[in-house]
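In this note's numbering, the protein residues as written are 6 to 61. Cβ coordinates follow ideal geometry from the N, Cα and C atoms, glycine included. These notes are about the structure you will find just below.
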């Protein structure tokens with residue numbers, strides 16, 4: 006049986022100085038992560054690390 010997965014890439018504020026509808030984007034990401042976890046899927050996070058970028 007196929008498994009679901011989600012890959013979350015760089016969910017952080019970058020050099021552009023803000024996120025377009027950031028709170029809405031985070032809510033959508035979190036809902037999707039919950040659905041994947043409920044179906045025993047895999048959640049992967051990739052984050053570019055740089056001291057001047059803050060998490061969303």
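Output the distance between the C-alpha atoms of residue i and residue j, rounded to the nearest integer angstrom.
| i | j | result |
| --- | --- | --- |
| residue 34 | residue 13 | 8 Å |
| residue 40 | residue 26 | 22 Å |
| residue 42 | residue 8 | 10 Å |
Identify whether residue i lies in helix, strand or coil by the three-state DSSP scheme.
| i | result |
| --- | --- |
| residue 10 | strand |
Using C-beta distances below 7 Å, list every residue in its chain close to residue i, excluding the 5 sequence neighbours before and after it, in chain order.
| i | result |
| --- | --- |
| residue 37 | 11 |
| residue 44 | 9 |
| residue 53 | 15 |
I'd like the list of long-range same chain contacts for residue i, defined as Cβ closer than 6 Å, with 5 residues on each side in sequence excluded.
| i | result |
| --- | --- |
| residue 50 | 13 |
Next on the checklist: Please give me, in chain order, every unbroken run of the alpha helix (DSSP H) with length at least 4 that falls completely inside the segment 21–56.
Outcome noted: Counting only runs of at least 4 residues, the segment 21–56 fully encloses the following alpha helix (DSSP H) elements, listed from N- to C-terminal order: 27–43.
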